[in-house]
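Counting from 11, one number per residue, gives the positions in the sequence shown under our numbering. From the three backbone atoms N, C-alpha and C, an ideal C-beta is built for every residue, glycine too.
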Amino acid sequence: IRTRAILAFASVAMACVATAQTTAQPDYLNPNLPPEQRAADLVKRMTLEEKASQLVNQARAIPRLNIPQYDWWSEALHGVINNGVTEFPEPIGLASTFDTLAIHDMAEAIGVEGRIKHVQAVREKRASMFFQGLDFWAPNINIFRDPRWGRGQETYGEDPFLTGRMGVAFVTGMQGNDPHYYRVIATPKHFAVHSGPEPTRHNADVAVSKHDELDTYLPAFRAAVTEGKAGSVMCAYNSINGKPACANDFTLVDQLRGKWGFMGYVVSDCGAVIDIFRGHKYTASQPEASATSLKHGMDNECVDGGSLVKGDSDYKPYLDAVAQGYLKESDIDVSLIRLYTARMKLGMFDPPELDPYSRISGSELDSPEHRALARKIAKEAKVLLKNDGVLPINN
Numbered sequence: 011i012r013t014r015a016i017l018a019f020a021s022v023a024m025a026c027v028a029t030a031q032t033t034a035q036p037d038y039l040n041p042n043l044p045p046e047q048r049a050a051d052l053v054k055r056m057t058l059e060e061k062a063s064q065l066v067n068q069a070r071a072i073p074r075l076n077i078p079q080y081d082w083w084s085e086a087l088h089g090v091i092n093n094g095v096t097e098f099p100e101p102i103g104l105a106s107t108f109d110t111l112a113i114h115d116m117a118e119a120i121g122v123e124g125r126i127k128h129v130q131a132v133r134e135k136r137a138s139m140f141f142q143g144l145d146f147w148a149p150n151i152n153i154f155r156d157p158r159w160g161r162g163q164e165t166y167g168e169d170p171f172l173t174g175r176m177g178v179a180f181v182t183g184m185q186g187n188d189p190h191y192y193r194v195i196a197t198p199k200h201f202a203v204h205s206g207p208e209p210t211r212h213n214a215d216v217a218v219s220k221h222d223e224l225d226t227y228l229p230a231f232r233a234a235v236t237e238g239k240a241g242s243v244m245c246a247y248n249s250i251n252g253k254p255a256c257a258n259d260f261t262l263v264d265q266l267r268g269k270w271g272f273m274g275y276v277v278s279d280c281g282a283v284i285d286i287f288r289g290h291k292y293t294a295s296q297p298e299a300s301a302t303s304l305k306h307g308m309d310n311e312c313v314d315g316g317s318l319v320k321g322d323s324d325y326k327p328y329l330d331a332v333a334q335g336y337l338k339e340s341d342i343d344v345s346l347i348r349l350y351t352a353r354m355k356l357g358m359f360d361p362p363e364l365d366p367y368s369r370i371s372g373s374e375l376d377s378p379e380h381r382a383l384a385r386k387i388a389k390e391a392k393v394l395l396k397n398d399g400v401l402p403i404n405n
């Protein structure tokens, strides 16, 4: 009888343990664990196709893991691109203020309004998260040397030092200073040596000396990463000295992840990974181009839908790259852990009460205080040129 009782007790105990194991909270939902560990736990639960579907800006929902759809593409060069937000002066005007403290305050206001718009979108369960996310593709810290680019107004001009100071102020203002959570993630762009004529950007190969590259084009990015702790960086369309920016071993591997110690994720400019094959002719196929980019440190591809082969999904090249031997599933895991570490740090898998930025009042959206700041910066941005006799010009 005693033996039977012991066996029965053991059977019940084992059943209780089994039940506890099946109902235990998975590591990726445990906010007490490091975000990288949580991300790795989540990624290992995905199938190969589910993994590939997360490598593009329009990341698919994975209902069985309670992962909602998410679009990594949002913009905020001088205010959140959305309705009912505060508009600040264009960056070229911001640069002429020489006021890094004001730029930091502006970026903080932009980050706050970006959070509010995201919370609204989630609450309303909007079908598309396009321009509703927490990852903002700003600031533009390219060095503006060529007026044929046509987008110089997005930059802080041609001075590397000033651009670096403005970039750090913007990134730190946007992302906040909480030790555990980002307010939003800033994405300095376009990395790097990107400001030539707009029509050639998809196939241009920029020849630049290492001295000019290190002394002129990279310092602002280095500052934004090493001082500003930017959570993301965008790689550019163009090639640099024969290698596409989104598959460039010097800028992405040697500098960004090597010497600068960057631990965040890299997103491509829209269509830049497709350009590796079609524009730059750097590889013999799109799967090979996608694999090359991923293995050089690009983690999230913004896909130019117009460049897709009819009938293909935007993430199909990654599946093809694995099938054809250009890419290992473990290579995809590396990128996904970076991406999901970012989402963990944005509080997307935590109870809202743990994330201080989830409690931002909606009253701060386009608030009188933010409008007053925009007016102050606009006044500081004014530049008065002295006429040395050239004007007016007589015909």
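Closest by C-alpha distance to residue i, when choosing among the options
i    : options                   : result
G206 : G160, F260, A331 and F359 : G160
E123 : A112, V95, R136 and L111  : V95
G6   : V283, S345 and A246       : Nothing can be reported for residue 6: it is not among the residues displayed for the chain, which extend from 11 to 405.
A71  : G121, G89, A137 and A105  : A137
A119 : V400, G399, K392 and R381 : R381
Q334 : R133, R353, T302 and G121 : T302
A299 : A105, M354, H190 and Y336 : Y336
D324 : N152, M176, C280 and L75  : C280
R125 : E85, A112 and L104        : E85
Q130 : D259, Y192, N404 and S373 : S373
A202 : G183, Y192, D259 and P209 : D259
V263 : K305, D81, H212 and P209  : K305
P170 : Y227, H221 and G121       : Y227
P222 : P198, I153 and N187       : The question names Pro, yet the displayed sequence has Asp at residue 222. If we check each option's Cα against that of D222, I153 comes out closest.
L375 : K326, L58, E97 and A69    : E97
Coil, strand or helix - residue i by DSSP
i    : result
Y350 : helix
F171 : helix
F260 : helix
D365 : coil
V400 : coil
Q163 : helix
I153 : coil
A69  : strand
D145 : strand
V27  : Here V27 scores only 45 on pLDDT, less than 50, and its place in the model should not be relied on; the value that follows carries that caveat. V27 falls in the helix class under three-state DSSP.
D81  : strand
K253 : strand
E311 : strand
T32  : Only weak support exists for where T32 lies, its pLDDT of 43 falling under 50; the value from the coordinates is given anyway. Looking at T32 - three-state DSSP - the assignment turns out to be helix.
D322 : coil
A62  : helix
T302 : helix
A137 : coil
P41  : coil
I342 : helix
M358 : coil
V181 : helix
R75  : Here residue 75 is Leu; the residue named in the question, Arg, does not match the sequence. Note: L75 maps to helix in three-state DSSP.
K291 : coil
S373 : helix
L266 : helix
Whether residue i touches residue j by CB criterion (8 Å)
i    : j    : result
L329 : A62  : yes
T308 : S278 : According to the sequence provided, residue 308 is Met. The question's Thr does not apply to it. Yes, the pair counts as a contact, with Cβ atoms nearer than the cut-off.
H204 : Y166 : no
G252 : D215 : yes
Q185 : V194 : yes
R155 : E168 : yes
A196 : P149 : yes
P157 : A391 : no
V332 : V66  : no
M244 : H200 : yes
G238 : V181 : yes
D360 : P44  : no
A282 : C256 : yes
R105 : M176 : Note on residue identity: the sequence assigns Ala, not Arg, to residue 105. Result yes, Cβ atoms of A105 and M176 sit closer than 8 Å.
A50  : I342 : no
L144 : H128 : yes
A240 : G183 : no
H114 : P101 : no
I286 : T293 : yes
G357 : S371 : no
Residue i, enclosing beta strand (DSSP E) - first and last residue
i    : result
Y275 : Y275 to S278
S242 : S242 to C245
Residue interval of the alpha helix (DSSP H) (run including residue i)
i    : result
M116 : T110 to R133
F287 : A282 to R288
D330 : K326 to A333
Q47  : P45 to K54
H88  : From DSSP, H88 is part of no alpha helix (DSSP H); its letter is neither H nor E.
R385 : P378 to E390
L104 : P101 to A105
Checklist entry - Whole alpha helix (DSSP H) runs in the region 184 to 242 with 4 or more residues, listed along the chain? => result 229 to 236
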